[in-house]
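What follows is a single structure, written as structure tokens, with notes after it.
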Amino acid sequence: MKIAIDVMGGDHAPGEIIKGALMALAEDPVLELVLVGSEDAFREFLPEGTERVETVISKSVMAMDESVENLRKKRDSSIYLAHQAVKDGKADAVVSCGSTGAQMAAAILVLGRIKGVKRPAIVVSFPTLNGPRVMLDGGANADVDAKLLTEFAVLGNAYARIVSGEEHPEVVLLSNGVEEHKGTAVVKEAHQLLKNVDGLCFKGNIEGRDIMGGDYDVLVTDGFTGNVVMKVTEGVASALFKLVKTEITATSLRKIGAALVKPGLKNIAKMFDYNNYGGTPLLGVNGISVVCHGSSEATAVKNAVFATEKFVRQDFIGVLRDEISTYHESQNKKEEV
Amino acid sequence: MNKSIYEVVAGIIAETMDVSVDDVTPQKTMEDLEIDSLDMLSIVTSLEDHYGTELPDEALEQIKTVEDAVNSLDKLVG
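Chains as they are written, first to last, in the working numbering: chain E, 202 to 538; chain V, 25 to 102.
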């Protein structure tokens with residue numbers, strides 16, 4: 202198993218990324234890595250003679266806020282070359298903590314799309330009262346039509362089956378009401394389409410207030426809403442923690458109580474810590490390209506590498522390809538009738 | 025319009041967008057073909073690789089239809 206890592210991507214690159222890669226190597230004796238980065242990065246952070254590591258030298262970096270169109274002129278960038286390693290068969294999958302937009306662009310450009318996938322999506326894993334759940338699209342496609350939302354549901358369904366082992370994941374559509382006549386024209390049309398997708402356990406609409414309840418497996422929405430939901434959730438969680446901390450330490454008496462609830466609060470904070478989530482693959486591109494949080498530190502990188510190994514072992518792309526093909530065959534038959 | 029360049033452009037668009045080459049006509053806009061910025065990136069990169077050239081940003085901004093793309097390339101490699 203060989204995983205390519207873009208060591209130049211992310212807020213803490215390259216130091217924390219290489220550190221995480223070394224941690225993964227130490228824990229997994231059969232893992233091999235292709236590290237893609239600058240000569241300076243390797244000179245500074247990669248101990249000489251590190252075994253099971255191949256290095257690929259990149260000459261440029263796609264900055265976090267850089268337009269993805271620049272990738273055309275930066276085919277010597279770490280994100281591009283890391284995907285190239287997968288295309289050339291030098292690695293089984295790629296991991297990056299860099300710009301998600303650039304990663305999506307590199308994945309499409311170098312690896313292409315799975316046949317039948319119109320627009321690849323970003324899947325996001327987040328904590329709920331019922332455990333981690335997935336949502337897509339996390340931000341790749343702001344403008345969508347009903348067919349595209351249906352395609353996201355099929356991709357998300359396949360992802361949930363692979364990751365959780367759940368045979369019939371429950372899929373829901375985000376709207377402003379549970380009734381099927383609620384929502385935008387696109388959401389209403391998508392609701393009708395989703396009801397008729399063979400093999401999909403569509404449970405209808407849910408409202409924003411029910412997202413954190415987690416009474417579903419896959420939440421489907423457009424990339425604009427998905428991204429807003431994700432950021433609002435992060436913001437609310439962070440604000441709540443600050444408020445709780447301020448209130449429970451406001452008086453001496455409360456401080457005594459605070460000491461007692463501290464372990465519980467730490468557990469909740471752990472649930473919201475992206476470092477424990479590893480990373481999630483881009484759904485619909487023709488190869489495994491795992492996206493990590495931009496602020497990932499070494500532990501998150503290590504967990505992302507392990508998550509990626511699992512996707513490779515499960516033949517993630519093969520399963521996704523089959524699911525998409527089955528979906529289109531079934532839709533074509535319906536259209537013929 | 026340069027016919028041989030058109031055939032290459034139409035072929036690359038059809039392959040990228042997973043549509044029949046017959047659906048790609050000179051007058052169709054990128055919007056008609058549902059080509060977004062990432063698709064455009066793939067198409068332009070494939071064309072640049074095919075012709076071993078680089079399309080300037082100013083030329084890219086002018087491309088609205090399939091024919092525009094053909095003419096831009098024609099100026100560079102025709």
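All C-beta atoms, glycine included, are put in the ideal place defined by N, C-alpha and C.
Helix, strand or coil for residue i? Go by DSSP, reduced to three states.
| i | result |
| --- | --- |
| E/Ser496 | coil |
| V/Glu39 | helix |
| V/Thr69 | helix |
| V/Ile87 | coil |
| E/Glu233 | strand |
| V/Ile79 | Sequence check: residue 79 of chain V is Leu here, not Ile. Residue state, collapsed to three classes: coil. |
| E/Ile489 | strand |
| E/Asp399 | coil |
| E/Val295 | strand |
| E/Gly322 | The sequence given here has Ala at residue 322 of chain E, not Gly. Note: E/Ala322 maps to strand in three-state DSSP. |
| E/Thr329 | coil |
| E/Asp241 | helix |
| E/Thr256 | strand |
| E/Pro482 | strand |
| E/Gly405 | strand |
| E/Val421 | strand |
| E/Glu537 | helix |
| E/Met472 | helix |
| E/Thr351 | helix |
| E/Met431 | helix |
| V/Ser28 | helix |
| V/Thr53 | strand |
| E/Ser278 | strand |
Can you pull the chain V neighbours of residue i, defined as C-beta to C-beta under 9 Å?
| i | result |
| --- | --- |
| E/Lys275 | Ordered by position in chain V, no residue passes the 9 Å Cβ test against E/Lys275, which lies about 11 Å from the chain. |
| E/Ala306 | Ser61, Leu62, Leu65 and Ser66 |
How would you list, in chain order, the residues of chain E whose beta-carbon sits under 7 Å from the beta-carbon of residue i?
| i | result |
| --- | --- |
| V/Leu71 | Ordered by position in chain E, no residue passes the 7 Å Cβ test against V/Leu71, which lies about 11 Å from the chain. |
With a cut-off of 8 Å, does the C-beta of residue i fall near any C-beta of chain E?
| i | result |
| --- | --- |
| V/Leu65 | yes |
| V/Ser61 | yes |
| V/Val45 | no |
| V/Asp92 | no |
| V/Asp42 | yes |
Taking 8 Å as the CB-CB limit, is residue i close to chain V?
| i | result |
| --- | --- |
| E/Met265 | no |
| E/Lys316 | yes |
| E/Leu394 | no |
| E/Leu272 | yes |
Ordered along the chain, which non-local residues of its own chain (more than five positions away) have a Cβ less than 7 Å from that of residue i?
| i | result |
| --- | --- |
| E/Ser261 | Lys275, Asp277 and Ser278 |
| E/Ala347 | Val387, Glu390, Ala391 and Leu394 |
| E/Ile310 | In the sequence under discussion, the amino acid at residue 310 of chain E is Leu, which differs from the Ile named in the question. Answer for E/Leu310: Leu272, listed in chain order. |
| E/Ala459 | Ile449 and Thr450 |
Going along chain V in order, which residues have a C-beta closer than 7 Å to the C-beta of residue i?
| i | result |
| --- | --- |
| E/Leu310 | Leu65, Ser66 and Thr69 |
By the criterion of Cβ-Cβ separation under 8 Å, what are the contact partners of residue i in chain V?
| i | result |
| --- | --- |
| E/Val269 | Ser61, Leu62 and Leu65 |
What does a CB cutoff of less than 6 Å around residue i pick up in its chain, not counting 5 residues either side in sequence?
| i | result |
| --- | --- |
| E/Thr422 | Leu375 |
| E/Arg522 | Ile315 |
| E/Lys383 | Ser376 and Asn377 |
| E/Ala508 | Gly479 and Gly480 |
| E/Gly488 | Val287 and Leu312 |
Under 8 Å Cβ to Cβ from residue i, same chain only, skipping five residues before and after it: list those, please.
| i | result |
| --- | --- |
| V/Leu57 | Ile37, Met41, Val43, Asp47, Val48 and Val90 |
| E/Met193 | As displayed, chain E neither begins before 202 nor continues past 538, which places residue 193 of chain E out of reach and without an answer. |
| V/Val68 | Leu79 and Leu84 |
Please confirm if the region 337-350 of chain E is in contact with the region 407-426 of chain E, defined as three or more CB-CB distances below 8 Å between the two stretches.
Judged by Cβ distances under 8 Å, the region 337-350 of chain E makes contact with the region 407-426 of chain E, as three or more pairs qualify.
Answer yes if the region 250-267 of chain E comes into contact with the region 281-299 of chain E, meaning at least three C-beta pairs across the two stretches below 8 Å, and no otherwise.
yes
With three or more C-beta pairs closer than 8 Å as the rule, is the region 44-56 of chain V touching the region 89-100 of chain V?
yes
Assess contact between the region 524-537 of chain E and the region 238-249 of chain E, defined as three or more Cβ pairs (one per stretch) separated by less than 8 Å. Is contact present?
Touching, no, given that fewer than three Cβ pairs across the two stretches are closer than 8 Å.
Measuring CB atoms only, is the region 409-420 of chain E touching the region 316-330 of chain E, in the sense that at least three cross pairs come out at less than 8 Å?
yes
Is the region 355-373 of chain E touching the region 432-448 of chain E in the sense that three or more CB pairs, one from each, lie closer than 8 Å?
no
Assess contact between the region 432-441 of chain E and the region 360-374 of chain E, defined as three or more Cβ pairs (one per stretch) separated by less than 8 Å. Is contact present?
no
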